[in-house]
Each structure stands twice: as C-alpha cells, then as structure tokens.
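Right, one structure below, let's go through it.
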Amino acid sequence: DVKVTQSSRYLVKRTGEKVFLECVQDMDHENMFWYRQDPGLGLRLIYFSYDVKMKEKGDIPEGYSVSREKKERFSLILESASTNQTSMYLCASSTSGDRTRRGIFGPGTRLTVT
Amino acid sequence: AQSVAQPEDQVNVAEGNPLTVKCTYSVSGNPYLFWYVQYPNRGLQFLLKYITGDNLVKGSYGFEAEFNKSQTSFHLKKPSALVSDSALYFCAVRAPSSGGSYIPTFGRGTSLIVHP
Numbered sequence: 041d042v043k044v045t046q047s048s049r050y051l052v053k054r055t056g057e058k059v060f061l062e063c064v065q066d067m068d069h070e071n072m073f074w075y076r077q078d079p080g081l082g083l084r085l086i087y088f089s090y091d092v093k094m095k096e097k098g099d100i101p102e103g104y105s106v107s108r109e110k111k112e113r114f115s116l117i118l119e120s121a122s123t124n125q126t127s128m129y130l131c132a133s134s135t136s137g138d139r140t141r142r143g144i145f146g147p148g149t150r151l152t153v154t
Numbered sequence: 003a004q005s006v007a008q009p010e011d012q013v014n015v016a017e018g019n020p021l022t023v024k025c026t027y028s029v030s031g032n033p034y035l036f037w038y039v040q041y042p043n044r045g046l047q048f049l050l051k052y053i054t055g056d057n058l059v060k061g062s063y064g065f066e067a068e069f070n071k072s073q074t075s076f077h078l079k080k081p082s083a084l085v086s087d088s089a090l091y092f093c094a095v096r097a098p099s100s101g102g103s104y105i106p107t108f109g110r111g112t113s114l115i116v117h118p
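Chain order of the listed sequences is A and B. Going by the numbering used here, the letters in the first sequence line up with residues 41 to 154, in that order. Going by the numbering used here, the letters in the second sequence line up with residues 3 to 118, in that order.
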C-alpha cells in the first residue's frame with residue numbers, strides 16, 4: 041500500500057524553537073509539497089520540490105525553509121517558531137508519470153506553538 | 003492564474019437525502035479537476051478527478067461529480083447521504099499546462115454534516 045508518512049501527528053513547541061517536520065513517500069515520486077491548512081483558508085502552499093536538492097517557494101514561504109537531500113524525503117523547517125505558525129501541516133507527493141499529477145497526501149501534523 | 007471557489011462553508015443534509023457540494027473554478031484552457039475528502043484528524047484522501055470525456059465522473063464511496071464547462075462548475079454529488087460522509091471536502095483545479103510543478107489550487111473547503 042503506497043503512502044506518504046509524516047513524522048509526527050501532534051507537536052507542541054515553544055516560541056523561538058527550531059522545528060523540523062519530516063515527510064517520507066515510498067512511491068518514488070518526483071514532486072513533493074508542503075501545505076498548511078487553516079480554517080476558512082483551505083490549503084496554502086508553502087514550498088514544493090520537483091527533484092532532489094531543488095526547491096521552489098509557494099504562496100506563503102515566509103518563516104519557513106525546506107530540505108530535500110533524498111528523493112523520498114522532504115523536510116519543512118521553522119527556523120524560529122512563532123504562534124502564528126500554529127496550524128495543520130500537510131505533506132503531499134505526485135509523479136510526473138501521472139498526467140494529472142494527482143497529489144497523495146500524508147496524515148498531517150498538527151503543530152501548536154506556545 | 004487559476005482559482006477555485008467553494009461558496010458554502012457548511013452543507014447540512016439528512017441521512018438518506020441527496021447531497022451536493024458546490025465548486026466553481028477559473029483556469030486557462032481545459033481544466034483538470036479534483037475532489038478530496040478529509041475526515042476528522044486525517045489527511046486528505048482522493049475522491050475523484052475529471053480529465054476529459056464524460057462530464058459525469060464517478061469516484062470512491064459512491065460519490066460522483068458533474069463537470070459543466072459553460073458554468074465552470076464541478077459539483078460533488080451523492081444520491082443518498084450517510085452519516086459517515088460527514089467530513090471536510092476540498093475541490094482543486096489545475097490547468098493542463100502549468101509548468102514543471104503542475105500544482106493544483108485548492109478551494110477553502112466545505113464542511114458536510116449529515117444528520118441521522
């Protein structure tokens with residue numbers, strides 16, 4: 041059963057901490073994405089990557105960075121966590137072999153910054 | 003630029019009744035359209051997609067969606083709602099030629115509540 045996994049389901053961090061969110065996919069997908077989901081705002085794209093060591097900014101990259109050292113792993117980094125980064129974070133992957141580039145999503149990480 | 007509108011934040015329906023969750027879109031060219039569902043404390047699950055061909059697309063869990071090009075809509079439907087269908091539903095669209103990343107744009111989500 042193919043899947044996208046995220047390292048934590050729930051995470052509580054303090055303001056100013058450096059936070060790492062990990063995402064791993066086992067489908068050999070080229071494309072990986074990080075979204076944040078907030079009530080009334082839907083899904084907003086933070087960063088995406090279409091190849092190892094490649095990264096592109098999405099719609100709301102401020103306060104975040106990413107790392108993709110291996111094809112299967114895409115990490116989201118909050119350099120100095122702030123309370124306005126409390127949110128649900130969703131990772132997704134897709135393959136260029138699928139004409140529609142349909143995204144496969146992970147279960148999400150609910151991050152609370154206090 | 004591409005965009006998606008889900009005009010209803012919440013839809014309430016009685017179990018056994020038909021349900022519709024609305025979605026309209028704006029995109030250049032012929033769109034690829036998707037519906038995803040998110041159950042409480044879960045990630046998004048793919049329901050169905052429209053690429054081309056028959057305007058009525060059938061998906062998982064008995065859901066279907068109707069593509070209407072003239073109205074730029076892709077409403078999600080089910081003939082008979084179940085309480086277990088209660089969840090958050092997201093519509094997404096992308097143009098067929100969006101560049102290397104092929105990133106879809108998601109709507110804000112519609113909460114479906116099915117009452118027993």
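In this text, a Cβ means the ideal position worked out from N, Cα and C, and glycines have one as well. Note that the structure is a prediction, hence the values are computed from the model and not measured.
Extent of the continuous beta strand (DSSP E) to which residue i belongs
{"i": "Q40/B", "result": "Y34 to Q40"}
{"i": "L118/A", "result": "R113 to L118"}
{"i": "H69/A", "result": "Here H69/A belongs to no beta strand (DSSP E), and DSSP marks it neither H nor E."}
{"i": "Y104/A", "result": "Y104 to K110"}
{"i": "I115/B", "result": "T112 to H117"}
{"i": "A121/A", "result": "From DSSP, A121/A is part of no beta strand (DSSP E); its letter is neither H nor E."}
{"i": "Q46/A", "result": "V44 to Q46"}
{"i": "R84/A", "result": "G82 to S89"}
{"i": "K58/A", "result": "Careful: K58/A lies outside any beta strand (DSSP E) and carries neither H nor E."}
{"i": "R139/A", "result": "It is not in any beta strand (DSSP E) - R139/A carries neither H nor E in the DSSP assignment."}
Exposed unless 16 or more other CB atoms sit within 10 angstroms - verdict on residue i
{"i": "H69/A", "result": "buried"}
{"i": "G109/B", "result": "buried"}
{"i": "S133/A", "result": "buried"}
{"i": "D99/A", "result": "exposed"}
{"i": "Q12/B", "result": "exposed"}
{"i": "G102/B", "result": "Annotation note: pLDDT 48 at G102/B (below 50); position unreliable, no value reported."}
{"i": "M94/A", "result": "exposed"}
{"i": "K71/B", "result": "exposed"}
{"i": "G55/B", "result": "exposed"}
{"i": "S89/A", "result": "buried"}
{"i": "R141/A", "result": "buried"}
{"i": "Y129/A", "result": "buried"}
{"i": "P106/B", "result": "buried"}
{"i": "I212/A", "result": "No statement about residue 212/A is possible, as the shown extent of chain A runs from 41 to 154 and does not include it."}
{"i": "L118/A", "result": "buried"}
Member of the options whose CA lies at the smallest distance from the CA of residue i
{"i": "E112/A", "options": "S48/A, K43/A and Q65/A", "result": "Q65/A"}
{"i": "Y34/B", "options": "R96/B, P118/B and G111/B", "result": "R96/B"}
{"i": "F48/B", "options": "F92/B, V116/B, P118/B and T107/B", "result": "F92/B"}
{"i": "S75/B", "options": "A3/B, T26/B and G31/B", "result": "T26/B"}
{"i": "K51/B", "options": "V59/B, D87/B and S113/B", "result": "V59/B"}
{"i": "R108/A", "options": "S47/A, Y87/A and L151/A", "result": "Y87/A"}
{"i": "P115/B", "options": "Y38/B, F69/B, V85/B and P98/B", "result": "According to the sequence displayed, residue 115/B carries Ile and not Pro. Minimum Cα distance to I115/B is reached at V85/B."}
{"i": "S47/A", "options": "E119/A, S122/A, S127/A and S115/A", "result": "S115/A"}
{"i": "K58/A", "options": "T135/A, G148/A, Y75/A and S122/A", "result": "S122/A"}
{"i": "W37/B", "options": "L46/B, G18/B, Q4/B and S88/B", "result": "L46/B"}
{"i": "M67/A", "options": "K110/A, T152/A and S127/A", "result": "K110/A"}
Proximal residues of chain A, C-beta to C-beta of residue i below 7 Å
{"i": "P76/B", "result": "According to the sequence displayed, residue 76/B carries Phe and not Pro. Going along chain A, no residue has its Cβ under 7 Å from F76/B, so there is no contact; the nearest lies around 14 Å."}
{"i": "Y34/B", "result": "T140"}
{"i": "K60/B", "result": "Per Cβ cutoff of 7 Å: no residues; K60/B is ~16 Å from chain A at best."}
{"i": "G109/B", "result": "G82"}
Contact test: residue i Cβ vs the ligand PLP heavy atom, cutoff 7 Å
{"i": "I100/A", "result": "Ligands in the displayed structure: none, and consequently the ligand PLP is not present."}
Residues that residue i contacts on chain B, provided the C-beta gap is smaller than 9 Å
{"i": "P101/A", "result": "Correct list: empty, because the minimum Cβ distance to chain B is about 14 Å."}
Chain-ordered neighbours of residue i on chain B, where CB pairs are closer than 8 Å
{"i": "G146/A", "result": "G45"}
{"i": "L85/A", "result": "I105"}
{"i": "L61/A", "result": "Within 8 Å Cβ-Cβ: nothing; L61/A doesn't reach chain B, min ~13 Å."}
{"i": "L130/A", "result": "G45 and L46"}
Listed by chain order, chain A residues near residue i by CB distance under 8 Å
{"i": "I53/B", "result": "R139 and T140"}
{"i": "F92/B", "result": "G82 and L83"}
{"i": "F69/B", "result": "Going along chain A, no residue has its Cβ under 8 Å from F69/B, so there is no contact; the nearest lies around 14 Å."}
Of all the beta strand (DSSP E) runs that stay within the bounds of the region 12-100 of chain B, which reach a length of 3 or more residues?
Here the runs fully enclosed are 12-16, 21-23, 26-28, 34-40, 46-52, 58-60, 66-70, 75-80 and 89-96.
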